[in-house]
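If you want my numbering, it's the 1-based position in the sequence shown plus 711.
Even glycine gets a Cβ: it sits at the ideal position worked out from N, Cα and C.
A short worksheet on the structure shown next.
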Amino acid sequence: MQTVLFHSTIFGPIHSRRLGVSLGINLTPDDGKICTFDCLYCEAGFNAQGPGTTGFPPRERVARLLESRLKNMKAAGEPLDVITFSGNGEPTLHPDFKGVIEDTIRIRNEYYPDAKVSVLSNSTRLENTDVIAALRMVDNNILKLDSAITSTMRTIDRPTQPSFTSERAIANIAQFHNQCIVQTMFLRGEYDGVKIDNTVPAEVDALIEAYKIIQPREVMIYSIDRKTPAENLEKVSKEELQAIAEKITSETGIQVQVA
């Protein structure tokens, strides 16, 4: 089984296909995985590997480690485009997520005021008032919607809450409108005897209708680029993604970034 990739609270900088030079913050354990999805394609592996033993890093520790790293990077003249919350699971599960975001913005302003703060979230926590308030503070509130059709979403993303639906995700994301970026993973393949393909016309059309409801600032579409815990998944070509992007823009007027 593939295991977690991020064994520290602060990691990188790495070069992100979508965001540039990115310093990562992992708000989940550094020796396990905690997530409200169990995506077939997650580079951090399946939830079955367990939550580990270290737990959520305390707010004060996150701030201390971030400030130390940014101070050293600044002294060395290293560039930084973005500070990105991702890691070994869903960052908004952190019990003091709002406080961590407040600290991060304050520290960012001191050392790298031009760097953006981004959060990669799977959209399952958008009924929590503190999470909503925190996401409204960041520069790039990037919210997942892999399928507007619930059965497909459940096959690909495998939410741990059985009642979670695409309709619920769309309604919750729509509260942000142009304060969010919607991120969609396109892939095809097979898992546990079920065929998967969210590039077919019915899937793309359903996503387009969802994007019309949400009216995000931007849509990001991409495909798998690293080893996935589920086998038999296929990467969608850049040419296919570009064709999907053009269709989305032509029907919605929304800017689409292909990664």
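* Specify, as a first and last residue, the run of the beta strand (DSSP E) that Phe722 falls within. => First-last of the beta strand (DSSP E) with Phe722: Ile721 to Ser727.
* **6 angstroms Cβ shell around Thr863 - same chain, five flanking residues per side excluded** => Closer than 6 angstroms at Cβ, skipping near neighbours: Asn909.
* Asked: Just checking my contact of Gly723 with Leu730 at CB under 8 angstroms: how many whole Å lie between their CB atoms?
  -> Their Cβ separation, rounded to whole angstroms, is 11 angstroms, which puts Gly723 and Leu730 out of contact at 8 angstroms.
* **Nearest-angstrom Cβ-Cβ length linking Arg836 and Thr803, presumed shorter than 8 angstroms** => Cβ atoms of Arg836 and Thr803 come within 8 angstroms of each other, at about 4 angstroms.
* Secondary structure of Gln894, DSSP reduced to three states -> When secondary structure is reduced to three states using DSSP, Gln894 falls in the strand class.
* **Residues near Thr939 in its chain [Cβ-Cβ closer than 7 angstroms; skip 5 each side]** => Counting only Cβ-Cβ distances below 7 angstroms, and skipping sequence neighbours, we find Leu751 and Tyr752.
* **Cα-Cα separation between Phe748 and Gly788, rounded to whole angstroms** => So the alpha carbons of these two residues sit roughly 38 angstroms apart.
* Who does Ile932 pair with in a DSSP beta bridge? -> Beta-bridge pairing by DSSP links Ile932 to Thr895 and Val969.
* Backbone secondary structure at Leu831 - three-state DSSP -> Strand, per DSSP.
* Going by the CB atoms, is the gap between Ile892 and Arg928 shorter than 9 angstroms? -> Their beta carbons are under 9 angstroms apart, which means Arg928 touches Ile892 by this criterion.
* Asked: Do you know offhand how far Tyr922's Cα is from Gln966's?
  -> Inter-residue distance for Tyr922 and Gln966 is about 11 angstroms (C-alpha atoms, whole angstroms).
* Asked: Counting Cβ pairs, one atom from each stretch, are 3 or more of them under 8 angstroms apart for the region 877-896 and the region 815-835?
  -> Yes: at least three Cβ pairs fall under 8 angstroms.
* **Whole-angstrom C-beta distance between Ile919 and Thr963, which should lie under 8 angstroms** => Rounded, the Cβ-Cβ distance is 6 angstroms, consistent with contact.
* **Under the three-state DSSP convention, the category Thr765 falls into** => Judged by DSSP in its simplified three-state form, Thr765 adopts coil rather than helix or strand.
* Which residues mark the beginning and the end of the beta strand (DSSP E) in which Ser733 is found? -> Following the DSSP letters along the chain, one finds Ser733 inside the beta strand (DSSP E) bounded by residues Gly731 to Asn737.
* To do: Rounded to whole angstroms, what's the CA-CA distance from Ile959 to Thr765? Just pull it up for me.
  => Taking the straight line joining both Cα atoms gives about 42 angstroms.
* Asked: When the Cα of Ala755 is compared with those of Thr739, Ser961, Phe767 and Pro769, which residue comes out closest?
  -> Comparing C-alpha distances from Ala755 to each of Thr739, Ser961, Phe767 and Pro769 shows the shortest one belongs to Thr739.
* **Segment limits, alpha helix (DSSP H) that includes Ser779** => Counting along the chain, the alpha helix (DSSP H) containing Ser779 begins and ends at Arg770 to Ala786.
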